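For the record, the sequence lines run as chains Y and G. Quick note: the first sequence uses my numbering, first residue 62, plus one each step. Quick note: the second sequence uses my numbering, first residue 62, plus one each step. Even for Gly, the Cβ is constructed at its ideal location relative to N, Cα and C. Bear in mind the structure is a predicted one, so any value in this text is a computation, not a measurement.
There are 2 protein chains.
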Amino acid sequence: MIHITYRIETPGDVEALARKIASDQSTGTFVAVPGETEELKRRAAARVVAIRHLPPADRASLPDEAGDATRFNRADAEIAYPLEAVGTDLSALMTIAIGGVYAIKGMTGIRVVDMKLPPEFAAAHPGPQFGVAGSRRLTGVEGRPIIGTIVKPALGLLPDETAALVGDLLSSGVDFIKDDEKLMSPAYSPLSARIAAIMPKIRDHEQKTGKKVMYAFGISHTDPDEMMRNHDLVVAAGGNAAVVNINSIGMGGVAFLRKRSNLVLHAHRNGWDILTRHGGLGMEFSVWQQFWRLLGVDQFQINGIRVKYWEPDDSFVKSFKAVSTPLFSREDCPLPVVCSGQWGGQAPETFVRTGRTTDLLYLCGGGVVSHPGGAGAGVRAVRQAWEAAVAGIPLSDYAKEHPELAQSIEKFADGKGA
Amino acid sequence: MIHITYRIETPGDVEALARKIASDQSTGTFVAVPGETEELKRRAAARVVAIRHLPPADRASLPDEAGDATRFNRADAEIAYPLEAVGTDLSALMTIAIGGVYAIKGMTGIRVVDMKLPPEFAAAHPGPQFGVAGSRRLTGVEGRPIIGTIVKPALGLLPDETAALVGDLLSSGVDFIKDDEKLMSPAYSPLSARIAAIMPKIRDHEQKTGKKVMYAFGISHTDPDEMMRNHDLVVAAGGNAAVVNINSIGMGGVAFLRKRSNLVLHAHRNGWDILTRHGGLGMEFSVWQQFWRLLGVDQFQINGIRVKYWEPDDSFVKSFKAVSTPLFSREDCPLPVVCSGQWGGQAPETFVRTGRTTDLLYLCGGGVVSHPGGAGAGVRAVRQAWEAAVAGIPLSDYAKEHPELAQSIEKFADGKGA
Numbered sequence: 062m063i064h065i066t067y068r069i070e071t072p073g074d075v076e077a078l079a080r081k082i083a084s085d086q087s088t089g090t091f092v093a094v095p096g097e098t099e100e101l102k103r104r105a106a107a108r109v110v111a112i113r114h115l116p117p118a119d120r121a122s123l124p125d126e127a128g129d130a131t132r133f134n135r136a137d138a139e140i141a142y143p144l145e146a147v148g149t150d151l152s153a154l155m156t157i158a159i160g161g162v163y164a165i166k167g168m169t170g171i172r173v174v175d176m177k178l179p180p181e182f183a184a185a186h187p188g189p190q191f192g193v194a195g196s197r198r199l200t201g202v203e204g205r206p207i208i209g210t211i212v213k214p215a216l217g218l219l220p221d222e223t224a225a226l227v228g229d230l231l232s233s234g235v236d237f238i239k240d241d242e243k244l245m246s247p248a249y250s251p252l253s254a255r256i257a258a259i260m261p262k263i264r265d266h267e268q269k270t271g272k273k274v275m276y277a278f279g280i281s282h283t284d285p286d287e288m289m290r291n292h293d294l295v296v297a298a299g300g301n302a303a304v305v306n307i308n309s310i311g312m313g314g315v316a317f318l319r320k321r322s323n324l325v326l327h328a329h330r331n332g333w334d335i336l337t338r339h340g341g342l343g344m345e346f347s348v349w350q351q352f353w354r355l356l357g358v359d360q361f362q363i364n365g366i367r368v369k370y371w372e373p374d375d376s377f378v379k380s381f382k383a384v385s386t387p388l389f390s391r392e393d394c395p396l397p398v399v400c401s402g403q404w405g406g407q408a409p410e411t412f413v414r415t416g417r418t419t420d421l422l423y424l425c426g427g428g429v430v431s432h433p434g435g436a437g438a439g440v441r442a443v444r445q446a447w448e449a450a451v452a453g454i455p456l457s458d459y460a461k462e463h464p465e466l467a468q469s470i471e472k473f474a475d476g477k478g479a
Numbered sequence: 062m063i064h065i066t067y068r069i070e071t072p073g074d075v076e077a078l079a080r081k082i083a084s085d086q087s088t089g090t091f092v093a094v095p096g097e098t099e100e101l102k103r104r105a106a107a108r109v110v111a112i113r114h115l116p117p118a119d120r121a122s123l124p125d126e127a128g129d130a131t132r133f134n135r136a137d138a139e140i141a142y143p144l145e146a147v148g149t150d151l152s153a154l155m156t157i158a159i160g161g162v163y164a165i166k167g168m169t170g171i172r173v174v175d176m177k178l179p180p181e182f183a184a185a186h187p188g189p190q191f192g193v194a195g196s197r198r199l200t201g202v203e204g205r206p207i208i209g210t211i212v213k214p215a216l217g218l219l220p221d222e223t224a225a226l227v228g229d230l231l232s233s234g235v236d237f238i239k240d241d242e243k244l245m246s247p248a249y250s251p252l253s254a255r256i257a258a259i260m261p262k263i264r265d266h267e268q269k270t271g272k273k274v275m276y277a278f279g280i281s282h283t284d285p286d287e288m289m290r291n292h293d294l295v296v297a298a299g300g301n302a303a304v305v306n307i308n309s310i311g312m313g314g315v316a317f318l319r320k321r322s323n324l325v326l327h328a329h330r331n332g333w334d335i336l337t338r339h340g341g342l343g344m345e346f347s348v349w350q351q352f353w354r355l356l357g358v359d360q361f362q363i364n365g366i367r368v369k370y371w372e373p374d375d376s377f378v379k380s381f382k383a384v385s386t387p388l389f390s391r392e393d394c395p396l397p398v399v400c401s402g403q404w405g406g407q408a409p410e411t412f413v414r415t416g417r418t419t420d421l422l423y424l425c426g427g428g429v430v431s432h433p434g435g436a437g438a439g440v441r442a443v444r445q446a447w448e449a450a451v452a453g454i455p456l457s458d459y460a461k462e463h464p465e466l467a468q469s470i471e472k473f474a475d476g477k478g479a
């Protein structure tokens with residue numbers, strides 16, 4: 062069975078609403094029709110298996126549908142769907158157990174808060190090709206977070222301007238560099254030209270230093286064939302990673318790419334926010350991420366502590382735990398990418414709150430390139446912050462012996478941010 | 062330029078928020094970084110071109126982010142993105158102009174309410190292959206709505222049970238039949254077995270009557286290769302249509318399918334509701350549907366008058382007008398599919414409110430199969446209702462001479478519904 066838990070909210074009866082969801086999303090229909098037998102109900106019917114009541118709310122998550130009610134009953138309703146009725150295809154799961162539910166009348170809020178899939182899903186989907194271990198192997202980084210940065214400004218640089226910035230970033234000692242997720246293949250910076258300008262620098266750097274920096278190119282395209290051509294350009298030039306806007310290309314695009322991919326797939330989740338930002342609507346990240354992990358993303362952007370976006374720290378911590386918890390095995394865990402406004406100052410809290418692990422990519426944009434001592438000092442400062450975090454030494458103490466960290470505290474601390 | 066209008070809501074200053082959106086989504090970054098020149102800003106920067114103030118709200122669309130504010134300023138902010146910075150790829154457009162915006166801090170609501178694309182998008186995308194004209198040609202229906210029905214129950218019937226029901230529906234005179242969108246290829250009803258059971262009946266009916274009923278099979282699959290195999294099975298059996306869960310397979314899946322498709326693509330939008338149901342969040346259907354039309358869906362489910370789902374009639378009417386208004390030419394209009402709880406009783410209001418057109422597929426589930434006289438009487442009743450609607454004759458008058466319509470009024474009218 063597939064178990065989905067919906068946090069439902071209604072001026073009416075939560076049990077009745079839960080039964081309606083189970084019926085509407087499987088055998089049920091709006092009027093009795095010929096042919097509905099007990100046998101087919103056993104074959105395909107979803108069933109409410111638990112109702113956990115929650116305190117009622119005094120405001121509706123969907124206020125336009127509140128009528129004149131002033132009290133909204135809430136419960137977590139767990140519904141079990143027979144695997145035989147859904148199958149293991151993720152688009153079927155999405156349509157039957159999630160997509161269709163959002164249209165149901167008579168509720169003022171619904172949020173999918175949990176999803177438990179049977180092991181048949183593990184067998185039916187590839188999962189990550191590289192994940193944590195592959196990302197470490199390809200970057201050669203062990204025992205500490207992989208440190209990454211982003212080429213900024215987001216849009217507008219010509220390929221040779223981008224490559225010049227990449228040259229500076231390479232000499233900083235950073236492990237990973239990526240295109241901004243908004244940069245794919247616009248007319249002023251076609252992907253092919255960007256690859257041609259950047260990859261020789263990556264290869265030269267490897268020749269000189271022995272260190273292969275992972276560069277993730279923005280290969281997303283709505284047309285999967287075009288996206289594969291983009292993928293192949295990166296591979297042909299010796300690249301090993303790609304930024305993929307998973308929500309924009311959709312599950313079909315990711316499935317197609319993963320099946321053929323030789324690249325580390327760095328997932329950017331733009332668009333997800335509107336599915337989760339209102340706490341009474343949409344779905345939890347812990348549910349949503351399961352789809353993309355089964356499809357096979359290798360690295361998953363999940364924000365961080367004190368980000369520049371709307372997401373609260375607690376939500377980030379839950380996301381980190383979600384992607385770091387096996388669905389079926391450790392191999393299905395992607396590498397968490399901690400990002401947005403990061404500069405090292407968040408390292409101690411990140412380390413403590415996410416289970417004292419360094420299995421993560423710590424992605425700093427301005428936190429590296431806007432360091433007063435330049436990008437090299439920026440990378441050293443971030444490494445120092447993580448050394449201090451792992452050793453349990455306060456950053457201010459560690460900074461006494463580590464001038465780059467001291468400079469970054471001076472520049473970014475106390476709410477100034479990166 | 063690409064023009065996007067955002068309905069923004071904030072306890073702060075709407076102009077500042079609009080400028081932040083334009084900056085964040087193009088050249089801007091969180092701290093000044095080297096390399097940001099005036100030239101690149103001209104090349105790629107988005108600009109706020111209009112702010113239309115709206116009355117403030119006294120409640121926040123995102124209440125968890127309201128702090129202690131009690132007044133929320135609102136405006137429609139129109140932002141122009143240079144085509145050169147975005148290109149014509151729809152996943153780039155989605156990420157840059159829509160997906161990324163939902164993450165921005167400092168707002169208590171955002172809804173994308175308008176999108177105007179330049180003609181380069183028409184040239185870059187296929188649009189519908191069949192659309193209105195092709196749907197009419199293949200069904201042979203002119204001068205009235207195409208009348209359709211759905212095999213119910215949604216899930217659980219074995220292929221031969223489904224085929225037996227289809228046999229009854231064929232003899233009813235209906236023009237179009239579809240799988241429930243939740244039915245794709247579960248173990249108890251593999252698509253291949255369903256096609257094998259159903260298509261001989263469709264072909265026999267055509268032999269006997271000269272009428273080819275369009276049957277839309279549920280071919281959706283997350284893996285585009287699997288979906289194409291499903292497509293090919295339908296084509297090989299002489300079928301001509303497919304139900305596609307566009308939101309679940311995503312833009313990549315639809316793009317892949319359209320490029321290779323010989324079938325009428327009947328788009329089901331399950332999952333869309335959560336993007337639009339809260340009036341202060343997400344996006345208008347008029348924006349969302351542009352993506353799928355450019356990608357090339359032929360028929361678009363958009364609910365109807367007095368549906369069983371949450372959507373109000375006014376919203377449906379706006380959706381109907383949206384899909385019936387050319388983006389660039391009449392050929393990019395899909396056939397509107399009016400559905401959910403329809404039985405003919407809504408025909409007069411549908412006709413009057415949508416611009417007095419019969420260019421639509423009128424899809425009745427229970428409204429056909431639960432007619433007291435059987436499915437044949439159900440189809441005749443729906444046709445009669447549309448004859449009356451077009452002639453401007455009240456249904457109750459027309460029913461005096463048309464017993465099937467009289468029976469359906471008796472069964473379904475006065476809020477009893479279909």
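Our contact map puts residue i next to residue j with C-beta atoms below 8 Å; I'd like the distance itself, whole angstroms only.
i	j	result
Ser469 of chain Y	Trp404 of chain Y	6 Å
Gly365 of chain G	Gln407 of chain G	6 Å
Val399 of chain Y	Tyr423 of chain Y	5 Å
Ala183 of chain G	Phe389 of chain G	4 Å
Ala141 of chain Y	Ile63 of chain Y	7 Å
Arg172 of chain G	Glu345 of chain G	7 Å
Does chain Y have any CB closer than 8 Å to the CB of residue i?
i	result
Pro124 of chain G	yes
Gly314 of chain G	yes
Glu145 of chain G	yes
Tyr163 of chain G	yes
Leu421 of chain G	no
What is the rounded straight-line gap between the Cα of residue i and the Cα of residue j?
i	j	result
Ala467 of chain Y	Met245 of chain G	59 Å
Thr419 of chain Y	Ala254 of chain G	51 Å
Glu126 of chain G	Gln86 of chain G	21 Å
Thr223 of chain Y	Glu145 of chain G	17 Å
Pro397 of chain G	Phe361 of chain G	5 Å
Arg414 of chain Y	Leu456 of chain Y	16 Å
Gly343 of chain Y	Leu421 of chain Y	27 Å
Ile263 of chain Y	Gly437 of chain Y	16 Å
Lys213 of chain Y	Pro373 of chain Y	25 Å
Ala106 of chain G	Ser84 of chain G	7 Å
Ile488 of chain Y	Leu101 of chain Y	Absent from the structure is residue 488 of chain Y, since the part of chain Y shown begins at 62 and ends at 479.
What three-state label does DSSP hand residue i in the structure shown?
i	result
Leu326 of chain G	strand
Ala141 of chain Y	strand
Phe412 of chain Y	helix
Leu422 of chain G	strand
Phe91 of chain G	At Phe91 of chain G, the pLDDT of 45 sits below 50, so the modelled position is not reliable; the number obtained from the coordinates is stated separately. Phe91 of chain G falls in the coil class under three-state DSSP.
Leu396 of chain G	strand
Gln360 of chain G	strand
His463 of chain Y	coil
Lys177 of chain G	strand
Tyr276 of chain Y	strand
Ala111 of chain G	strand
Return no unless some Cβ of chain G is closer than 8 Å to the Cβ of residue i.
i	result
Arg120 of chain Y	yes
Arg104 of chain Y	yes
His432 of chain Y	no
Leu178 of chain Y	no
Ile238 of chain Y	no
Tell me where the alpha helix (DSSP H) around residue i begins and ends.
i	result
Ile238 of chain Y	Careful: Ile238 of chain Y lies outside any alpha helix (DSSP H), inside the beta strand (DSSP E) at Phe237 to Lys239.
Arg391 of chain G	Segment: none, Arg391 of chain G is in no alpha helix (DSSP H) and carries neither H nor E.
Q: Using a Cβ-Cβ cut-off of less than 7 Å, list which residues of the region 323-347 of chain G approach chain A; keep chain order.
A: Included in the structure are the protein chains Y and G, with no chain A among them.
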